[in-house]
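Counting along the sequence shown from 1, when you hit position 14 you're at 25 in our numbering, and nothing is skipped either side. The C-beta atom is built at its ideal place from N, Cα and C for all residues, glycine as well. Computed from a predicted structure; not experimentally measured. Working notes, beginning with the structure itself.
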Amino acid sequence: MPTADPTSAILTRKELHQLTGYRRAAEQLAELQRQGFYRTRRSRVDGSVILERPHYDAVCAGASKPANEPKLRPVTRKRA
C-alpha cells in the first residue's frame, strides 16, 4: 500500500506504481478498476491516471458502491 500524502488530492505516479505494480497508464487503469477503484480515469491533458485520494481511502476502508438495483413495489391485485 502506498504511503498517504494528506496534502495531495490525487495519488502520485509513485503511489500508483506501488499500488498497481505497473508504470504504464493503460495497465494501471485496468488494474485499479479491477481492484474496485471505479472512479479512476485518464487525464485528458497528458494521459496519466487520476485516482482521487478520498475515493482511494473510501475503497480501502471498505465503503462500496451503492447497489444499482431497481426499487420495486409489491404487487397488488384487484379483487373481482
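8 Å contact criterion, which residue 55 and residue 63 should meet: CB distance rounded: Here residue 55 corresponds to residue number 44 of the sequence shown, with the count starting at 1. Here residue 63 corresponds to residue number 52 of the sequence shown, with the count starting at 1. Here residue 55 is actually not in contact with residue 63; their C-beta atoms are around 16 Å apart, not less than 8 Å.
Would you call residue 31 buried or exposed, if buried means 16 or more other Cβ atoms sit within 10 Å of its Cβ? On the sequence shown, residue 31 is found 20 positions in, with the first residue counted as 1. When all chains shown are included, residue 31 counts as buried.
Can you say whether residue 26 is buried or exposed, counting buried as having 16 or more other CB atoms within 10 angstroms of its CB? Position 15 of the sequence shown, counting from 1, holds the residue named residue 26. By the 10 Å Cβ count, residue 26 comes out buried.
Tell me residue 60's beta-bridge partners as DSSP assigns them. Position 49 of the sequence shown, counted from the start, is the residue given in the question as residue 60. Bridge partners of residue 60 according to DSSP: 53.
Cβ pair residue 39, residue 60 closer than 7 Å: As a working note, residue 39 is residue 28 in the sequence shown. As a working note, residue 60 is residue 49 in the sequence shown. Yes, Cβ-Cβ distance for residue 39 and residue 60 is below 7 Å.
Between the Cα of residue 73 and those of 83, 53, 87, 46, spot the shortest distance and give me the residue it belongs to. Residue numbering aside, residue 73 sits at position 62 when the sequence shown is read from its first letter. The shortest Cα separation from residue 73 among 83, 53, 87, 46 belongs to 46.
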